[in-house]
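Student: Please read through the structure below; I'll follow up with questions.
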């Protein structure tokens, strides 16, 4: 009896030690997160309450409430990000599906075409769109000389141009995870569905699509979050008509010479983003979906 | 012969002493063709003449200076800056007051130097138009720039408040000399912004850089724009169909400033004194069509009368323009910017 209890206590202590040791193994990662994530965000948070005179102030936040332009800039940022994400899904999902169905050799060649833009500077791609889309650019010149339209279409220096540029840049971020999760789907499931009498459409929507959603959500989320912080593309292709938070952060630094005004914008964007993700995860049961795929 | 050798030895001794005491300055500017022009006309020759070694860097504006001053790691001795942001930075305590006992500004245009900022070149914010669209009858005043019936076509305008409100008031009938009086209140600023609001449906691009407005004219993307004169001259040299006038333009200047706690402050003052001399200033227009801030540069003979006529600071061009008021920008820029942003995001 006595020996048994000692044994039990010893085992419990061993277990505790082991847990501690395992936790110790993760400590480099924790330190890394602390250094590159927690401290900077905390510092950002602190700065947002410091005025240009170096004292505690709420003026950086008060400005955002009193000036309607801030509300509109946030609205634009989210609108552009949502539209870009939606367009990426509409274009990227079928493309990924196509890639997952063709023979691997063909898929690899197509994949190079998808990845190629990744290796080109973002700035270069953005200016390339400018050359193509402007009123005397390639697309308008051809369209007019072919008689498709008569006046140059306003394709750039507005929301349209911004979306074209951003969708182009963001597309690989959607296609890659979607393609990955599609490749992981066992083709026998779809065959089984067909065997049980499901039409191809039914088999796709009932079996294939649900299995591909983890990749779709991961990709869409990544695109959405990257869009929120976009600077170069809307600045160049938006022609000053699409003002996003990142652009306002830059102009605040230059205008007020105070990190506070810019930090407050960063904090609000962060809080709003986290809130939206939380809401999305509640509504879409993100964890479950992500868990079911693997 | 002996004497010659002695002189030679003395001279080389003198030279080594100069080198031994030689100082160095680090200068940060905007890069591109602008800094290249400054380098060839000002920095390199002045470095040779003074024995001060020059290290050049590029930077992205006074926010970089703010970062250096705040962290106590100042590496720049001299920065090239827009006059407005230099005034702002000076008011925020980021700059050293300039030593006008060392730097001689007695022949400068009086509006081109201030406590913290020494004019390096004069430029103009002008309106430019496409000569293919309007032929010989281009716009002549800001009122014409606003007149979309007489001059139909797409416009481009500045995406920020700098140099954007003054034209609007002149278009609204305010005399150039009264512009800053009217602007010295929220109502006056609102009047200017309302005038821009009127033109807004015809503004197809809000430009953010000199390279951009030059490109817009070159591509024929817009028919009329505001912008900096030197850029349009460059675009024209590249074959763009563009013309501009100094009439009702805004006379502005780029300047040099010394960050607070600059490591070689005294050498910086000496160096600034050197590059402010007319003989250096007269060289700058050969590389970029910005005018000298030192009036005596025109008397050196290095600037031909034909070239002088094209420069913003030529006396007959100065007379047509409204000098920018830095006091106004220091006092109102932040407020006006917020109001401008309201108008732009509507």
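Protein chains in written order, with the working numbering: chain P, -3 to 290; chain D, 431 to 776.
All C-beta atoms, glycine included, are put in the ideal place defined by N, C-alpha and C.
Just mark residue 274/P as buried or exposed, buried being the case when its beta carbon has 16 or more other beta carbons within 10 Å.
Tutor: exposed
Student: So which residues of chain D does residue 236/P contact, with C-beta pairs closer than 8 angstroms?
Tutor: 589, 635, 636, 637, 638 and 774
Student: To the nearest angstrom, how far is it from the Cα of residue 763/D to the Cα of residue 102/P?
Tutor: 58 angstroms
Student: Just the C-alpha distance for residue 618/D and residue 276/P, rounded to the nearest angstrom, thanks.
Tutor: 47 angstroms
Student: With DSSP run on the structure shown, which of helix, strand or coil describes residue 574/D?
Tutor: helix
Student: Contact defined as beta carbons within less than 8 angstroms: I believe residue 773/D pairs with residue 621/D. What is the distance between those atoms, to the nearest angstrom?
Tutor: In fact, because the Cβ distance is near 12 angstroms, the residues do not count as touching under 8 angstroms.
Student: Return the chain-ordered list of same chain residues with a C-beta closer than 7 angstroms to the C-beta of residue 591/D, the five sequence neighbours on each side being excluded.
Tutor: 763, 766, 767 and 770
Student: Does the distance between the C-beta of residue 30/P and the nearest non-hydrogen atom of the ligand PLP fall short of 7 angstroms?
Tutor: Inclusion of the ligand PLP in the displayed structure is not the case, the ligand content being empty and no account of it being possible.
Student: Which of the three DSSP states is assigned to residue 490/D in this structure?
Tutor: coil
Student: Report the neighbours of residue 153/P on chain D: residues whose CB is nearer than 7 angstroms to its CB, in chain order.
Tutor: 634 and 635
Student: Cβ closer than 7 angstroms: which chain P residues qualify as neighbours of residue 492/D?
Tutor: 253
Student: Would you report the Cα separation of residue 119/P and residue 456/D, rounded to the nearest angstrom?
Tutor: 29 angstroms
Student: Expressed to the nearest angstrom, what Euclidean distance is found between the alpha-carbon atoms of residue 583/D and residue 712/D?
Tutor: 38 angstroms
Student: Can you name the start and end residues of the alpha helix (DSSP H) that residue 176/P belongs to?
Tutor: 155 to 179
Student: Residue 243/P: buried (16+ other C-beta within 10 angstroms of its C-beta) or exposed?
Tutor: Burial is judged here by how many other beta carbons sit within 10 angstroms of a residue's own beta carbon; residue 243/P has at least 16 and is buried.
Student: Among 543/D, 631/D and 463/D, whose alpha-carbon lies nearest the alpha-carbon of residue 517/D?
Tutor: 543/D
Student: Tell me the rounded alpha-carbon separation between residue 229/P and residue 122/P.
Tutor: 6 angstroms
Student: Can you name, in chain order, every residue of its own chain whose Cβ lies under 7 angstroms from the Cβ of residue 95/P, other than the five neighbours on each side?
Tutor: 103, 106, 107 and 175
Student: When you compare only the Cα positions, how much space is there between residue 646/D and residue 82/P?
Tutor: 31 angstroms
Student: Determine the extent of the beta strand (DSSP E) in which residue 556/D is found, giving its start and end residues.
Tutor: 548 to 560
Student: Counting only runs of 4+ residues fully inside the region 642 to 677 of chain D, write out the alpha helix (DSSP H) ranges in chain order.
Tutor: 659 to 667
Student: Contact defined as beta carbons within less than 8 angstroms: I believe residue 46/P pairs with residue 256/P. What is the distance between those atoms, to the nearest angstrom?
Tutor: 5 angstroms
Student: I'd like the span of the beta strand (DSSP E) that includes residue 680/D, first residue to last.
Tutor: 680 to 687
Student: Grab me the residues of residue 144/P's own chain with a C-beta within less than 6 angstroms of its C-beta, minus the 5 sequence neighbours each way, in chain order.
Tutor: Answer for residue 144/P: no residue qualifies.
Student: Taking Cβ to Cβ, would you say residue 660/D is nearer than 8 angstroms to residue 719/D?
Tutor: yes
Student: Does any residue of chain D have a CB that is nearer than 8 angstroms to the CB of residue 117/P?
Tutor: So no, residue 117/P is outside the interface.
Student: Does the Cβ-Cβ distance between residue 524/D and residue 689/D come in under 8 angstroms?
Tutor: yes
Student: Are the C-beta of residue 291/P and some C-beta of chain D separated by less than 8 angstroms?
Tutor: Outside the displayed range of chain P (-3 to 290) lies residue 291/P, so it cannot be described from this structure.
Student: Below 7 angstroms on C-beta distance, what does residue 764/D contact in chain P?
Tutor: 251 and 252
Student: At least one CB of chain P closer than 8 angstroms to the CB of residue 856/D: is that the case?
Tutor: An answer regarding residue 856/D cannot be provided, because it is not within the stretch 431 to 776 covered by chain D.
Student: Is residue 239/P helix, strand or coil by DSSP?
Tutor: Three-state result, residue 239/P: coil.
Student: Nearest by alpha-carbon distance to residue 75/P: which of 232/P, 235/P, 221/P and 254/P is it?
Tutor: 221/P
Student: Taking just the CA atoms, how far does residue 30/P sit from residue 10/P?
Tutor: Cα-Cα distance, rounded: 29 angstroms.
Student: Got a sec: is the Cβ-Cβ distance from residue 131/P to anything in chain D below 8 angstroms?
Tutor: yes
Student: By the criterion of Cβ-Cβ separation under 7 angstroms, what are the contact partners of residue 68/P in chain D?
Tutor: 775
Student: Does residue 231/P come within less than 8 angstroms of chain D when only Cβ atoms are used?
Tutor: yes
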